[in-house]
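Residue numbers (full-length UniProt numbering), protein chains in the order written: chain B, 1 to 131; chain A, 1 to 131; chain D, 1 to 131; chain S, 1 to 131; chain F, 1 to 131; chain P, 1 to 131.
What follows is a single structure, written as structure tokens, with notes after it.
Protein chains: 6
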Amino acid sequence: MTNLIEYEQASDEVRAVYDDIRATRQTEYINNFWKAIANHPPTLQRTWQTVKEVMTSPGEIDPLMRELIYIAVSVTNGCDYCIASHTASGRAKGMNDTMFGELLAIVATANTTNRLANGYQIPVDEQFKNQ
Amino acid sequence: MTNLIEYEQASDEVRAVYDDIRATRQTEYINNFWKAIANHPPTLQRTWQTVKEVMTSPGEIDPLMRELIYIAVSVTNGCDYCIASHTASGRAKGMNDTMFGELLAIVATANTTNRLANGYQIPVDEQFKNQ
Amino acid sequence: MTNLIEYEQASDEVRAVYDDIRATRQTEYINNFWKAIANHPPTLQRTWQTVKEVMTSPGEIDPLMRELIYIAVSVTNGCDYCIASHTASGRAKGMNDTMFGELLAIVATANTTNRLANGYQIPVDEQFKNQ
Amino acid sequence: MTNLIEYEQASDEVRAVYDDIRATRQTEYINNFWKAIANHPPTLQRTWQTVKEVMTSPGEIDPLMRELIYIAVSVTNGCDYCIASHTASGRAKGMNDTMFGELLAIVATANTTNRLANGYQIPVDEQFKNQ
Amino acid sequence: MTNLIEYEQASDEVRAVYDDIRATRQTEYINNFWKAIANHPPTLQRTWQTVKEVMTSPGEIDPLMRELIYIAVSVTNGCDYCIASHTASGRAKGMNDTMFGELLAIVATANTTNRLANGYQIPVDEQFKNQ
Amino acid sequence: MTNLIEYEQASDEVRAVYDDIRATRQTEYINNFWKAIANHPPTLQRTWQTVKEVMTSPGEIDPLMRELIYIAVSVTNGCDYCIASHTASGRAKGMNDTMFGELLAIVATANTTNRLANGYQIPVDEQFKNQ
Numbered sequence: 001m002t003n004l005i006e007y008e009q010a011s012d013e014v015r016a017v018y019d020d021i022r023a024t025r026q027t028e029y030i031n032n033f034w035k036a037i038a039n040h041p042p043t044l045q046r047t048w049q050t051v052k053e054v055m056t057s058p059g060e061i062d063p064l065m066r067e068l069i070y071i072a073v074s075v076t077n078g079c080d081y082c083i084a085s086h087t088a089s090g091r092a093k094g095m096n097d098t099m100f101g102e103l104l105a106i107v108a109t110a111n112t113t114n115r116l117a118n119g120y121q122i123p124v125d126e127q128f129k130n131q
Numbered sequence: 001m002t003n004l005i006e007y008e009q010a011s012d013e014v015r016a017v018y019d020d021i022r023a024t025r026q027t028e029y030i031n032n033f034w035k036a037i038a039n040h041p042p043t044l045q046r047t048w049q050t051v052k053e054v055m056t057s058p059g060e061i062d063p064l065m066r067e068l069i070y071i072a073v074s075v076t077n078g079c080d081y082c083i084a085s086h087t088a089s090g091r092a093k094g095m096n097d098t099m100f101g102e103l104l105a106i107v108a109t110a111n112t113t114n115r116l117a118n119g120y121q122i123p124v125d126e127q128f129k130n131q
Numbered sequence: 001m002t003n004l005i006e007y008e009q010a011s012d013e014v015r016a017v018y019d020d021i022r023a024t025r026q027t028e029y030i031n032n033f034w035k036a037i038a039n040h041p042p043t044l045q046r047t048w049q050t051v052k053e054v055m056t057s058p059g060e061i062d063p064l065m066r067e068l069i070y071i072a073v074s075v076t077n078g079c080d081y082c083i084a085s086h087t088a089s090g091r092a093k094g095m096n097d098t099m100f101g102e103l104l105a106i107v108a109t110a111n112t113t114n115r116l117a118n119g120y121q122i123p124v125d126e127q128f129k130n131q
Numbered sequence: 001m002t003n004l005i006e007y008e009q010a011s012d013e014v015r016a017v018y019d020d021i022r023a024t025r026q027t028e029y030i031n032n033f034w035k036a037i038a039n040h041p042p043t044l045q046r047t048w049q050t051v052k053e054v055m056t057s058p059g060e061i062d063p064l065m066r067e068l069i070y071i072a073v074s075v076t077n078g079c080d081y082c083i084a085s086h087t088a089s090g091r092a093k094g095m096n097d098t099m100f101g102e103l104l105a106i107v108a109t110a111n112t113t114n115r116l117a118n119g120y121q122i123p124v125d126e127q128f129k130n131q
Numbered sequence: 001m002t003n004l005i006e007y008e009q010a011s012d013e014v015r016a017v018y019d020d021i022r023a024t025r026q027t028e029y030i031n032n033f034w035k036a037i038a039n040h041p042p043t044l045q046r047t048w049q050t051v052k053e054v055m056t057s058p059g060e061i062d063p064l065m066r067e068l069i070y071i072a073v074s075v076t077n078g079c080d081y082c083i084a085s086h087t088a089s090g091r092a093k094g095m096n097d098t099m100f101g102e103l104l105a106i107v108a109t110a111n112t113t114n115r116l117a118n119g120y121q122i123p124v125d126e127q128f129k130n131q
Numbered sequence: 001m002t003n004l005i006e007y008e009q010a011s012d013e014v015r016a017v018y019d020d021i022r023a024t025r026q027t028e029y030i031n032n033f034w035k036a037i038a039n040h041p042p043t044l045q046r047t048w049q050t051v052k053e054v055m056t057s058p059g060e061i062d063p064l065m066r067e068l069i070y071i072a073v074s075v076t077n078g079c080d081y082c083i084a085s086h087t088a089s090g091r092a093k094g095m096n097d098t099m100f101g102e103l104l105a106i107v108a109t110a111n112t113t114n115r116l117a118n119g120y121q122i123p124v125d126e127q128f129k130n131q
């Protein structure tokens with residue numbers, strides 16, 4: 001387990017990121033992910049900047065659906081931390097039990113058909129090329 | 001590469017599934033995936049039934065977002081056939097270039113943070129448990 | 001694409017492995033996998049020795065079932081070369097279309113339940129521990 | 001961690017599935033997997049129906065070998081729950097220590113050769129095509 | 001396959017990234033990866049900025065070893081494009097056949113031991129915690 | 001969890017491997033990985049022989065960099081045991097916090113670009129072929 005960098009012990013550059021996380025999310029709470037990657041400040045800065053842009057900037061996919069997509073990837077990869085943290089984020093943005101159930105059903109089905117496509121070595125249909 | 005079962009050579013049980021695919025999707029076209037898994041009729045029946053329910057039954061996640069989630073899983077797994085076919089389905093349901101770009105940005109970012117969480121062996125925050 | 005090392009151009013140590021592959025498999029044919037990894041002779045020797053022991057030494061799992069397990073892993077990982085080569089090996093050892101269909105159905109189902117278990121963050125039952 | 005749905009609190013449709021699991025497996029015990037996915041009844045019904053058909057219907061691969069294939073996939077994906085539960089199922093069906101050792105040796109070897117095939121970008125042999 | 005954005009048809013913001021790629025790498029050639037992700041300019045900018053920092057900024061891991069690590073990940077994931085492009089980058093920075101062979105041997109071995117650790121459900125040694 | 005085979009209860013062939021691990025690593029400590037796979041002695045012998053050759057034999061990649069590559073694979077696969085044990089090995093060979101941070105940044109970035117390459121279905125540049 002990695003040392004978690006608390007605000008009090010953090011350098012100025014790390015504190016600046018923590019401050020921006022707090023302001024963006026409108027909560028005092030900094031979750032363990034950021035405290036862990038703060039061990040390498042360039043990673044903290046770059047990752048926060050990316051997550052902030054990708055998850056919160058204006059766009060055509062709404063914030064709740066962005067969380068569902070994030071969970072789909074994390075479940076496929078089996079990343080316990082990310083499943084737990086983004087399930088929490090999803091719930092905070094309105095994901096209810098039915099929606100979560102539907103999401104996992106899609107993820108489970110895609111993981112099934114991905115392997116059937118691999119196993120049967122299926123050639124891509126001409127009309128699916130050049131999309 | 002697997003033998004693709006065409007309608008003309010198919011058994012009655014396979015034809016019944018092909019007929020339902022055509023009726024559900026309102027197109028004559030049966031794509032290679034179904035023609036390949038038709039080599040094992042129980043897999044064809046079960047997989048079509050599941051895909052039909054999960055992707056087309058009424059629910060809280062709209063049809064376009066279901067396709068985005070499907071693509072997210074397929075891209076994470078690197079399944080060429082499924083990426084091509086569901087990108088086509090997504091476009092048919094209204095996914096434009098911007099939306100596709102945003103989708104892949106989320107998928108890419110989640111794949112990054114999944115590995116940072118793994119590598120730093122980050123403990124799950126108490127408040128993320130029991131979601 | 002990697003340079004494939006043919007018998008004629010191979011060093012003595014590589015030829016010795018090729019000779020053992022031919023004797024063990026009772027065929028003149030050396031498939032591309034071995035010709036490719038022969039670019040690094042220690043990898044060729046070690047990998048052949050391992051594959052020979054694991055796939056052909058006497059044991060409790062019969063040779064055909066060993067191929068099915070090999071295919072299950074390769075399909076899950078999406079390794080095109082290994083799917084193609086071990087599907088060929090499986091067929092040479094008696095795998096018919098029905099058996100292949102059943103195999104892929106199990107692989108597909110396991111990939112589904114693996115993700116449901118991840119997504120629902122299911123605790124392991126006490127009675128499944130210490131197996 | 002997900003809320004586990006006990007029989008007593010379950011809806012009629014969930015109870016019907018639990019009853020069928022008990023009858024099929026000839027045990028009172030319902031393991032956590034089913035209690036967790038019961039949070040989304042359509043997923044419970046579909047998944048149980050699929051697992052029942054794929055793992056228990058008559059076929060050419062015997063029940064013990066089906067469990068070994070299931071374990072092979074779960075180990076490759078690193079799904080802790082599924083490894084634990086299917087190792088238990090395998091043992092209940094006769095998997096001994098030697099067989100489990102042989103199984104993991106095949107899984108480990110396939111994971112090695114899958115990456116060598118990827119890394120050396122090996123072209124598929126003509127004779128392995130159209131299997 | 002995605003539309004590849006050539007310099008001539010690119011917007012000013014895309015051209016600015018292409019110019020920086022050319023200046024940083026001291027070559028006129030822009031490879032397909034950048035031309036593809038240029039379909040979503042924020043992804044192009046963010047990804048180039050990250051790759052530039054992670055792969056070319058001063059640090060304790062030398063540039064050749066960074067390429068080897070990149071290849072190790074890409075081979076494990078089975079990403080054909082990234083294996084091909086980073087094998088080329090590695091060779092340009094001094095990776096010879098022996099080094100590539102050693103690299104793949106390590107990747108193959110780690111993929112094997114990862115699955116043995118999964119399969120045997122091995123508890124982490126006390127002395128490996130809190131690293 | 002698997003039964004861990006201690007030296008005292010081990011067979012002669014297992015003890016011989018334990019003795020070689022101790023001599024090679026110049027430590028009395030045998031970590032859980034070896035005690036677990038000792039349940040299948042051929043796997044223990046083969047795996048130790050491979051790890052010993054791949055990680056300690058003379059070569060062009062230095063021992064510390066070999067550990068970094070091992071960690072990169074283990075983090076990508078999400079293997080908790082291997083991440084913990086090889087992070088410990090890396091630190092014993094001189095990996096400091098900065099180097100670990102740089103390593104994870106490369107792993108995270110490669111996992112991102114692997115998915116962008118998958119998602120955009122990018123064709124491999126002609127000049128990257130035949131490396």
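C-beta: ideal position from N, C-alpha, C; glycine also.
Note that this is a predicted model, so its numbers are computed, not measured.
Rounded Cβ spacing between residue i and residue j (contact assumed at less than 8 Å)
i: Asn-77/B; j: Gly-78/D; result: In fact, because the Cβ distance is near 14 Å, the residues do not count as touching under 8 Å.
i: Lys-93/S; j: Glu-67/S; result: 6 Å
i: Thr-56/F; j: Thr-87/F; result: With a Cβ gap of about 18 Å, Thr-56/F and Thr-87/F do not count as contacting.
Chain B residues whose Cβ lies nearer than 9 Å to that of residue i
i: His-40/S; result: Asp-97, Thr-98, Phe-100, Gly-101, Glu-102, Leu-104, Ala-105
i: Glu-13/F; result: In chain order: nothing, as chain B lies at least about 15 Å away.
i: Asn-111/D; result: Ala-108, Asn-111, Thr-112, Asn-114, Arg-115
Alpha-carbon spacing of residue i relative to residue j, whole angstroms
i: Ala-10/B; j: Met-65/P; result: 30 Å
i: Glu-8/F; j: Pro-63/F; result: 31 Å
i: Leu-103/F; j: Pro-41/S; result: 48 Å
i: Thr-2/F; j: Arg-22/B; result: 38 Å
i: Ile-37/S; j: Asp-125/D; result: 15 Å
i: Asn-32/B; j: Lys-129/B; result: 43 Å
i: Gln-26/B; j: Asn-39/S; result: 31 Å
i: Trp-48/P; j: Phe-100/A; result: 46 Å
i: Thr-112/F; j: Leu-116/S; result: 11 Å
i: Arg-91/D; j: Tyr-29/D; result: 17 Å
i: Met-95/S; j: Ser-89/A; result: 44 Å
i: Asp-20/S; j: Asp-19/P; result: 53 Å
i: Arg-46/A; j: Thr-109/D; result: 11 Å
i: Ser-85/P; j: Gln-127/D; result: 28 Å
Contact check, residue i vs residue j, beta carbons under 8 Å
i: Glu-6/S; j: Lys-35/S; result: yes
i: Val-75/A; j: Val-54/A; result: no
i: Ile-122/P; j: Tyr-70/F; result: no
i: Val-73/B; j: Asn-114/A; result: yes
i: Thr-50/D; j: Ala-105/F; result: no
Chain-ordered neighbours of residue i on chain S, where CB pairs are closer than 8 Å
i: Thr-50/A; result: Arg-46, Thr-50
Residue from the options whose Cα sits closest to the Cα of residue i
i: Pro-58/D; options: Lys-129/S, Asp-20/S, Thr-98/S; result: Thr-98/S
i: Ile-83/A; options: Ala-84/P, Tyr-120/P, Asn-111/P; result: Tyr-120/P
Partners in chain S for residue i, counting only beta-carbon separations shorter than 9 Å
i: Leu-116/F; result: Val-75, Leu-104, Ala-105, Val-107, Ala-108
i: Tyr-70/D; result: Ala-72, Ile-106, Val-107, Thr-109, Ala-110, Thr-113
Within chain A, the residues that residue i reaches when beta carbons sit closer than 7 Å
i: Gly-78/D; result: Asn-77, Gly-78, Cys-79
i: Ala-36/B; result: Tyr-120, Ile-122
Chain-ordered neighbours of residue i on chain A, where CB pairs are closer than 9 Å
i: Ala-84/P; result: Gln-121
Contact list for residue i against chain B, beta-carbon separation under 8 Å
i: Thr-43/S; result: Gly-101, Leu-104, Ala-105, Ala-108
i: Lys-129/A; result: Ala-84
Interface residues of chain P facing residue i [CB-CB closer than 8 Å]
i: Glu-60/F; result: Asn-96, Thr-98, Met-99, Glu-102
Under 8 Å from the C-beta of residue i: neighbouring residues of chain A
i: Glu-53/S; result: Pro-42, Arg-46
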